[in-house]
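Chemist: One structure, pasted below without further comment.
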Amino acid sequence: MWIWQQENWPHFQWDNEAIEPRLRQVRLNQGVLLGKATAQPQNKKQTMLDTLLANIVHSSAIEGEKLNAASVRSSLANKLGISQERPFPTTEQTDGLAEIMLDATENLDEPLTLERILHWHKCLFPEGYTLFSPIVGGRLRGDAPMQVVSGRIDRPTVHFEAPERARLDAELSQFIEWFNDSKNSHRLDPLLRAAITHLWFVTIHPLDDGNGRITRLLTDLALAQAEQQSIRFYAMPVAILAKRKSYYEILEHTQKGDLDITPWLLWFFDTLEEAFSGVLAEIEQTLFKTMYWQQVDQTRLGAEQTKVLNRMLDGAFEQGINTSQYQKVAKVSRATATRHLLSLVEAGCLTKSDSGGRSTRYFLSRYDK
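Written as structure tokens, this is what we have:
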């Protein structure tokens, strides 16, 4: 029995004792991220572009589709009004992807409608999308059973089967009504709402293809509404792609189960936090880099030394750099590399490990202590 065949579908249940403390922690980390991100001096449009680009490219990669990132970037830049020194040619598909991503994250107060969902789908699958694609964009699936299968043709493994076409219209109407009504609900935490949105829509599976990508768009819309801001600082599909196998496993486990979705909610919150952590690490690295250069007199450094320090500040050589590595990056002789490293130690830019000889390594000085 699939979850949508349960008697009380779609009245989901969960274990509050397990969910509430986890939700509070995620909420806290979300606040830390938004606070640190908004406090940074930055080009907001450029930040938006980078995040939405990661969102689009990784969401498609989850489904096994590799997009031309340069083309998607140009489409987003055009929509955001960002000038580019070397714009890359765009396509109808990349322009459509940029349009629906911005719609899902900027038009927070617009009600969700079936027409809006089908418009997103049409942008995913523009006319002539591929020569051999049977997918018609902007249309609900037909009468054939909708199954997710793998394995041999004569021995397929059915991972999931969606509700039959006869009940699809009613299922969608119920979902859309709930999504709009729950937006300002005081009884349902906004992050819980985002997790339920994801599971509910992908379980209805109303389209011939693109259900996962539309699901993640709806999740982005729910998260943007939860934060009450359209500027995005993190891309959840990046974290989902990193654990793609467990993503499909938890969906299959939940869709084959009863209406207690506690494991799904915990997986969703863990993955959301991993998305936060990735961005927080980047912010911390940027802060350290800024503070580092504020303490260094760059007029005393050569171009090669500055180049190597920037590489290290960007995360390279986490275990320290040795003379041979410096020599390769700076493209200097071994004797010059040794001299450069020693002068950086004397200037306080690097610290030298206690081990000697070929085991000697050099680390960035921590000016933020």
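Everything in the sequence shown is counted per my numbering, starting at 186 for the first residue and increasing by one. Virtual Cβ for every residue (Gly too), placed ideally from N, Cα, C. All figures in this text were calculated on a predicted structure; none of them were measured in a lab.
1. Pick helix, strand or coil for LYS598, following the three-state DSSP scheme.
2. According to DSSP, is GLN269 helix, strand or coil?
3. Which partner residues does GLU346 have in the DSSP bridge list?
4. Here's the rule: buried if 16 or more other CB atoms are within 10 angstroms of the residue's CB, otherwise exposed. What is GLU205?
5. First and last residue of the beta strand (DSSP E) that includes TYR547?
6. For the alpha helix (DSSP H) that contains LEU535, what are its first and last residues?
7. Identify the residues that DSSP records as bridge partners of GLN198: which are they?
8. Taking 8 Å as the cut-off, does the region 381–395 touch the region 303–311 (at least 3 CB pairs, one atom from each stretch)?
9. Tell me the rounded alpha-carbon separation between TRP363 and GLU284.
10. Going by beta carbon distance, what residues of the same chain come within less than 7 Å of ASN365, once the five residues before and after it are set aside?
11. As a quick exercise: from VAL464, GLN510 and SER431, pick the residue whose alpha carbon is nearest that of ARG417.
12. Going by DSSP, what residue range makes up the alpha helix (DSSP H) through PRO375?
13. For THR439 and TRP449, which I take to be in contact (beta-carbon distance under 8 Å), what is that distance rounded to the nearest angstrom?
14. Touching or not, the region 502–512 and the region 472–487, by the rule of three or more beta carbon pairs under 8 Å?
15. Per DSSP, what are the beta-bridge partners of ILE506 in this structure?
16. If the criterion is Cβ atoms closer than 8 Å, does the pair SER260 and THR275 meet it?
17. Near TRP194, which residues of its chain fall below 6 Å by C-beta distance, leaving aside the five closest residues on each side in sequence?
18. Within its chain, find whatever has a CB closer than 6 Å to the CB of MET331; leave out the 5 residues flanking it on each side and keep chain order.
19. By alpha-carbon positions, which one of VAL423, ILE399, TRP199 and ILE188 ends up nearest to LEU373?
20. Would you report the Cα separation of LEU353 and LEU384, rounded to the nearest angstrom?
21. Between the alpha carbons of TYR432 and LEU494, how many angstroms are there, rounded?
22. On the premise that ASN507 lies in contact with THR545, defined as a C-beta separation below 8 Å, what is that separation, rounded to the nearest angstrom?
23. Starting from the C-beta of ILE241, find all residues in its chain whose C-beta is less than 6 Å away, skip the five residues before and the five after it, and write them out in chain order.
24. Measure the C-alpha to C-alpha separation of TRP187 and GLU349 and round it to an integer number of angstroms.
25. Which residues in the same chain have their Cβ closer than 7 Å to the Cβ of LEU357, if we skip the five residues on either side of it in sequence?
26. So GLU458 and VAL217 are in contact, right, with Cβ under 8 Å, and what is the actual spacing, rounded?
27. Can you name, in chain order, every residue of its own chain whose Cβ lies under 7 Å from the Cβ of LEU238, other than the five neighbours on each side?
28. Quickly, what does DSSP pair PRO341 with across the bridge? List them, please.
29. Return the first residue and the last residue of the alpha helix (DSSP H) that VAL493 is part of.
30. Beta carbon of PHE345, beta carbon of PHE386: below 8 Å?
Modeler: Inspection of the coordinates gives the following:
1. Within the shown structure, residues of the chain are numbered from 186 to 554, placing residue 598 beyond reach of any answer.
2. For the purposes of this step, residue 269 is taken as residue 84 along the sequence shown, with counting starting at 1. In the structure shown, the three-state DSSP call for GLN269 is coil.
3. For the purposes of this step, residue 346 is taken as residue 161 along the sequence shown, with counting starting at 1. According to DSSP, which records beta bridges pairwise, GLU346 is partnered with GLN332.
4. Numbered from 1 along the sequence shown, position 20 holds the residue referred to as residue 205. GLU205 comes out exposed.
5. To locate residue 547, count along the sequence shown from 1; it is residue 362. Where TYR547 is concerned, the enclosing beta strand (DSSP E) stretches over 547–549.
6. In the sequence shown, residue 535 corresponds to position 350, counting from 1. That residue, LEU535, is in no alpha helix (DSSP H); its beta strand (DSSP E) goes 535–537.
7. For the purposes of this step, residue 198 is taken as the residue at position 13 of the sequence shown. The partner list for GLN198 (beta bridge, DSSP) reads ASP445.
8. A contact exists between the region 303–311 and the region 381–395.
9. Locating residue 363 in the sequence shown gives position 178, counting from the first residue. Locating residue 284 in the sequence shown gives position 99, counting from the first residue. Roughly 25 Å separates the two Cα atoms.
10. Taking the sequence shown and counting its residues from 1, one reaches residue 365 at position 180. The residues are PRO296 and LEU297.
11. Your numbering for residue 417 matches position 232 in the sequence shown. Distance check between ARG417 and each of VAL464, GLN510 and SER431 places VAL464 closest, using alpha-carbon atoms only.
12. Looking up residue 375 in the sequence shown gives position 190. Judged by DSSP secondary structure, PRO375 falls within the alpha helix (DSSP H) whose first and last residues are 375–389.
13. What you label residue 439 is simply residue 254 of the sequence shown in a count that begins at 1. What you label residue 449 is simply residue 264 of the sequence shown in a count that begins at 1. Contact flag correct, Cβ pair sits at about 4 Å.
14. Judged by pairs of C-beta atoms under 8 Å, the region 502–512 does not touch the region 472–487, as fewer than three such pairs exist.
15. Residue mapping note: residue 506 aligns to position 321 of the sequence shown, counting from 1. Paired residue(s): TYR547.
16. Stepping through the sequence shown from its first residue, residue 260 is reached at position 75. Stepping through the sequence shown from its first residue, residue 275 is reached at position 90. Yes, they are a contact pair.
17. In the sequence shown, residue 194 corresponds to position 9, counting from 1. Its chain contains no residue whose beta carbon lies nearer than 6 Å to that of TRP194 once the 5 sequence neighbours on both sides are disregarded.
18. Position 146 of the sequence shown, counted from the first residue, corresponds to residue 331. So the qualifying residues of the chain are ALA347 and HIS390.
19. As a first step, residue 373 is located in the sequence shown; it is residue number 188 there, counting from the start. When only C-alpha atoms are compared, the closest one is TRP199.
20. Numbered from 1 along the sequence shown, position 168 holds the residue referred to as residue 353. Numbered from 1 along the sequence shown, position 199 holds the residue referred to as residue 384. Between the C-alpha atoms of LEU353 and LEU384 there is a straight-line separation of about 16 Å.
21. Within the sequence shown, the letter at position 247 stands for residue 432. Within the sequence shown, the letter at position 309 stands for residue 494. Taking C-alpha positions only, TYR432 is separated from LEU494 by approximately 38 Å.
22. Numbered from 1 along the sequence shown, position 360 holds the residue referred to as residue 545. Numbered from 1 along the sequence shown, position 322 holds the residue referred to as residue 507. 6 Å between Cβ atoms; contact.
23. Position 56 of the sequence shown, counted from the start, is the residue given in the question as residue 241. VAL257, LEU282 and MET286.
24. Taking the sequence shown and counting its residues from 1, one reaches residue 187 at position 2. Taking the sequence shown and counting its residues from 1, one reaches residue 349 at position 164. Using only the alpha carbons, I get a separation of about 12 Å.
25. Start at 1 with the first residue of the sequence shown, and residue 357 comes out as number 172. Once the five neighbours on either side are set aside, the close Cβ partners of LEU357 are LEU299, ILE389 and PRO391.
26. As a working mapping, residue 458 is identified with position 273 in the sequence shown. As a working mapping, residue 217 is identified with position 32 in the sequence shown. That pair is no contact at about 11 Å.
27. Stepping through the sequence shown from its first residue, residue 238 is reached at position 53. Cβ neighbours of LEU238 beyond the five flanking positions: ALA254, VAL257, ARG258 and LEU261.
28. Taking the sequence shown and counting its residues from 1, the one referred to as residue 341 is at position 156. PRO341 is bridged by DSSP to GLY336.
29. For the purposes of this step, residue 493 is identified with residue 308 of the sequence shown, where counting begins at 1. Where VAL493 is concerned, the enclosing alpha helix (DSSP H) stretches over 488–498.
30. To locate residue 345, count along the sequence shown from 1; it is residue 160. To locate residue 386, count along the sequence shown from 1; it is residue 201. PHE386 sits away from PHE345, with the two beta carbons spaced by 8 Å or more.
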